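Undergrad: Sequential numbering from 510 applies to the sequence shown in the numbering used here.
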Amino acid sequence: MTVAVWDALRRRPLRFALSTWLLRCWAFLLSGTVVGFVVLFLLAALLLVGVGLSVVGVGLLVLMVAAVLGIPVAAVERRRLRLVEPEPLPDPHGSLPGTGAWPWLRTRLRERATWRELGYTLALGVVFTATGIGFTALLGLSVLLTAAPAIVWGIAPDTVMLVPGQPISDPVAALPGTAAGLFGLLVSAYAGGLLAGAQVWVARSLLPARDEDLRSRVIELTRSRARLIDAFEAERRRIERDLHDGAQQQLVALSMTLGLAELELRGQDSPAAPLVARARGEARQALDQLRSLVRGIHPQVLTDHGLPAAVAELALRNPIPVTVDIDLPHRLPAAVETTAYFTLTEALTNASKHSGADEVVVVGRLRNDTLVLLITDDGRGGADPAAGAGLQGLADRVAILKGRLTVTSPVGGPTQLRLEVPCSA
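Here you go:
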């Protein structure tokens with residue numbers, strides 16, 4: 510791990526005391542001492558209040574707040590480190606937009622970065638504050654000794670004592686103090702560089718994001734996408750159920766009522782008879798369209814009989830002849846069946862609209878607990894997943910289940926979609 514302060518101190522040790530690094534290190538250490546005092550006070554107060562109120566149950570919440578105190582402290586420290594470290598430290602925490610206080614607190618307490626930041630906060634409040642106090646004392650004493658002649662000249666004689674019991678009345682007599690002060694400033698320059706580098710090294714060890722933080726964020730993102738898909742599927746099934754049990758039944762009742770009205774008017778010379786017959790035909794057509802819509806939202810045959818039966822029914826309704834060869838030893842998880850079915854639906858729709866194919870062949874097998882579907886058409890080919898959102902959307906949907914969608918479509922055909930979805934995902 511390369512620390513910029515130590516690197517500058519090692520490359521040009523003689524010029525270090527006269528460079529801008531000197532003031533930057535001093536500013537970093539002095540401001541760190543102030544921040545450390547505040548952090549130490551807050552930690553002590555939260556711990557005392559938390560332990561004191563633990564008998565009534567409120568103390569646990571206070572201790573949880575103390576545990577996440579390192580998050581804002583680390584955010585301040587990442588900005589303050591820019592004084593002596595040109596390379597910024599990345600924030601290991603992911604954003605949680607729209608999250609309430611309790612979910613935010615629960616999520617942060619499960620992150621390892623939170624506990625590393627708490628460890629740095631403890632080190633800042635105890636170790637670096639103590640070293641900062643010592644450095645501040647050395648720097649302050651060195652400045653006073655360096656300015657001793659001016660202090661003697663500006664203050665009444667016999668009131669300044671560089672050595673206890675020996676007052677100094679002549680500014681010239683204070684010149685040895687100036688020499689000692691200059692030596693102290695030189696020591697402070699190199700001590701400040703070493704201490705600032707040590708604090709930077711500790712910060713770079715504890716505050717930035719690590720590989721496990723990135724992996725946990727990827728896992729959480731994958732889980733959130735899966736939860737969104739589950740919520741979408743649940744909402745789609747609710748709409749399908751409402752349409753099936755509500756609007757569809759009302760249309761059936763309307764069609765039956767119109768049929769009875771048509772029977773009553775049969776044989777009568779009434780101008781309402783053809784209107785009733787026409788209304789009954791339109792109601793029947795609307796019922797057929799609604800049934801097709803419900804089937805497209807989530808086919809009942811997929812829920813009741815599984816993927817092979819649902820694909821066979823889909824093939825019967827497809828305008829292009831479809832040969833289905835799906836042989837599965839058992840029912841697959843619902844998420845896998847749903848993803849495979851709607852991927853196949855989109856593939857058949859694309860083949861019907863764009864490929865100019867005369868036949869589509871669908872082959873499905875279960876290999877090593879992975880569903881493998883091959884959809885092949887004899888059309889003109891040239892399908893480009895980057896040309897539209899359809900194939901890319903299918904690939905994104907399959908990726909949620911750790912699956913893969915491969916498209917092979919040379920110009921002139923044939924076009925083949927290979928879908929692989931692990932059943933254990």
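By construction, the Cβ of each residue, glycine as well, lies at the ideal position given by its N, Cα and C atoms.
Please read all numbers here as calculations on a predicted model, not as lab measurements.
Helix, strand or coil for residue 834 per DSSP?
TA: strand
Undergrad: Is it right to say residue 825 is buried, meaning 16 or more other beta carbons lie within 10 angstroms of its own, or is it exposed?
TA: Exposed, since its Cβ has fewer than 16 Cβ neighbours within 10 Å.
Undergrad: Note down the Cα distance separating residue 792 from residue 781, rounded to an integer number of angstroms.
TA: 16 Å
Undergrad: Would you decide whether residue 642 is buried or exposed? Buried here means 16 or more other CB atoms lie within 10 Å of its CB.
TA: exposed
Undergrad: Less than 9 Å between the C-beta atoms of residue 572 and residue 556, yes or no?
TA: Result yes, Cβ atoms of residue 572 and residue 556 sit closer than 9 Å.
Undergrad: To the nearest whole angstrom, what separates the beta carbons of residue 698 and residue 537, a pair I think is in contact under 8 Å?
TA: The Cβ separation is near 13 Å, so there is no contact.
Undergrad: Between which residues of its own chain and residue 575 is the CB-CB distance below 7 Å, once the five residues before and five after are set aside?
TA: The answer, listed in chain order, is 552, 555, 556 and 559.
Undergrad: How is residue 701 classed by DSSP in three states: helix, strand or coil?
TA: helix
Undergrad: In whole angstroms, give me the CA-to-CA distance for residue 686 and residue 614.
TA: Rounded to the nearest angstrom, the two C-alpha atoms are 55 Å apart.
Undergrad: What does DSSP give as the partner residue(s) for residue 872 in the beta ladder?
TA: 834 and 883
Undergrad: Quick check on the DSSP output: the alpha helix (DSSP H) that includes residue 777 runs from which residue to which?
TA: No alpha helix (DSSP H) holds residue 777; DSSP gives it neither H nor E.
Undergrad: Contact check, residue 817 vs residue 837 under 8 Å by CB: the rounded distance?
TA: Contact check for residue 817 and residue 837: beta-carbon distance about 6 Å, within the 8 Å limit, so the pair qualifies.
Undergrad: Three-state secondary structure (DSSP) at residue 889?
TA: coil
Undergrad: Would residue 872 and residue 831 be called neighbours here (beta carbons separated by less than 9 Å)?
TA: Going by C-beta atoms, residue 872 is not nearer than 9 Å to residue 831.
Undergrad: Quick one: what's residue 930 bridged to in DSSP?
TA: Beta bridge pairing from DSSP links residue 930 with 880.
Undergrad: How is residue 511 classed by DSSP in three states: helix, strand or coil?
TA: coil
Undergrad: Nearest CA to the CA of residue 787: which residue from 779, 586, 796 and 771?
TA: 771
Undergrad: Buried or exposed for residue 898, please, with buried defined as at least 16 other CB atoms from any protein chain shown within 10 angstroms of its CB.
TA: Since pLDDT at residue 898 reaches only 46, below the 50 mark, its modelled position is unreliable, and no value is offered.
Undergrad: Since residue 533 is in the alpha helix (DSSP H), which residue starts that stretch and which ends it?
TA: Element bounds for residue 533: 529-561.
Undergrad: Report the three-state DSSP secondary structure of residue 913 (helix, strand or coil).
TA: strand
Undergrad: Pick out whichever of 910, 540 and 622 has its Cα sitting closest to the Cα of residue 844.
TA: 910
Undergrad: How big is the Cα-Cα spacing for residue 874 and residue 882?
TA: 7 Å
Undergrad: Based on the DSSP secondary-structure assignment, which residues constitute the bridge partners of residue 809?
TA: The partner list for residue 809 (beta bridge, DSSP) is empty, contrary to what the question assumes.
Undergrad: Tell me the residue span of the alpha helix (DSSP H) that contains residue 580.
TA: 579-589
Undergrad: When you compare only the Cα positions, how much space is there between residue 584 and residue 600?
TA: 8 Å
Undergrad: Take the Cβ of residue 877 as the centre, count every other Cβ of all protein chains shown within 10 Å, and call the residue buried at 16 or more, exposed below.
TA: exposed
Undergrad: Taking the alpha helix (DSSP H) that residue 650 falls in, what are its first and last residues?
TA: Residues 638-655.
Undergrad: In chain order, what residues of the same chain have a beta carbon less than 8 Å from the beta carbon of residue 918, not counting five sequence neighbours either side?
TA: 890, 891, 892, 893, 924 and 925
Undergrad: If residue 841 sits next to residue 880, beta carbons under 8 Å apart, how far is it from one beta carbon to the other, in whole angstroms?
TA: 6 Å
Undergrad: To which residues of the same chain is residue 913 closer than 6 Å at the C-beta, ignoring the five residues directly before and after it?
TA: These residues qualify, in order along the chain: 929.
Undergrad: Quick check on residue 811: buried or exposed, where buried means 16 or more other Cβ atoms within 10 Å of its Cβ?
TA: By the neighbour-count definition (other C-beta atoms within 10 Å, threshold 16), residue 811 is a buried residue.
Undergrad: Roughly how many whole angstroms lie between the Cα atoms of residue 539 and residue 645?
TA: Distance from the CA of residue 539 to the CA of residue 645, rounded to the nearest whole angstrom, comes to 7 Å.
Undergrad: Does residue 638 pass the burial test, meaning 16 or more other C-beta atoms within 10 Å, or should it be called exposed?
TA: buried
Undergrad: In chain order, what residues of the same chain lie with their CB nearer than 7 Å to the CB of residue 546, ignoring the 5 residues before and after it?
TA: 638
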